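Position one of the sequence shown corresponds to residue 37 (our numbering), numbered consecutively onward.
Virtual Cβ for every residue (Gly too), placed ideally from N, Cα, C.
Note that the structure is a prediction, hence the values are computed from the model and not measured.
Notes follow the structure.
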Amino acid sequence: MDESEFSMLAENLFESLDQALETCGADLDVEISSGLLTITCEATGTQIIISRQPAMAQIWMAAKSGGFHFNHDAGEWRCSTTGQTLQEMLSGALSRQCESDVRVHF
């Protein structure tokens, strides 16, 4: 994947994430700035950070449960170690950090 394709995919992902997080029903503060999407769980004050890594053509997620790297594969962002989708892993991380069931669909 070249840099322009990655940039387009990452931009689309961030827009989809922003919309999904705003409508998921959880009390979240979402901020996008300089290739970072920062999600603050208001109930616990904890954060999840999703970042673009153009040199690696990856999306990275940092949560209390650890750091995860995602590659674009067959139309989805999949974890390089678990094979789970970003959607699955983000929903799980949000549920743990918000201490309630949170599902994001994007």
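- Gln94 is positioned such that its CB atom lies no closer than 7 Å to that of Phe104.
- Between His141 and Ala56 the beta-carbon gap is near 6 Å, inside 8 Å, which marks them as a contact.
- When beta bridges are read from the DSSP output, Phe104 appears opposite Met97.
- Remark: C-beta atoms of Thr121 and Arg114 approach each other more closely than 7 Å.
- The DSSP-derived three-state label of Gln120 is coil.
- If you draw a 10 Å sphere on the C-beta of Ala91, you find fewer than 16 other C-beta atoms in it, and that means exposed.
- Cα atoms of Gly61 and Thr74: separation of roughly 17 Å, rounded to the nearest angstrom.
- By the neighbour-count definition (other C-beta atoms within 10 Å, threshold 16), Ala110 is an exposed residue.
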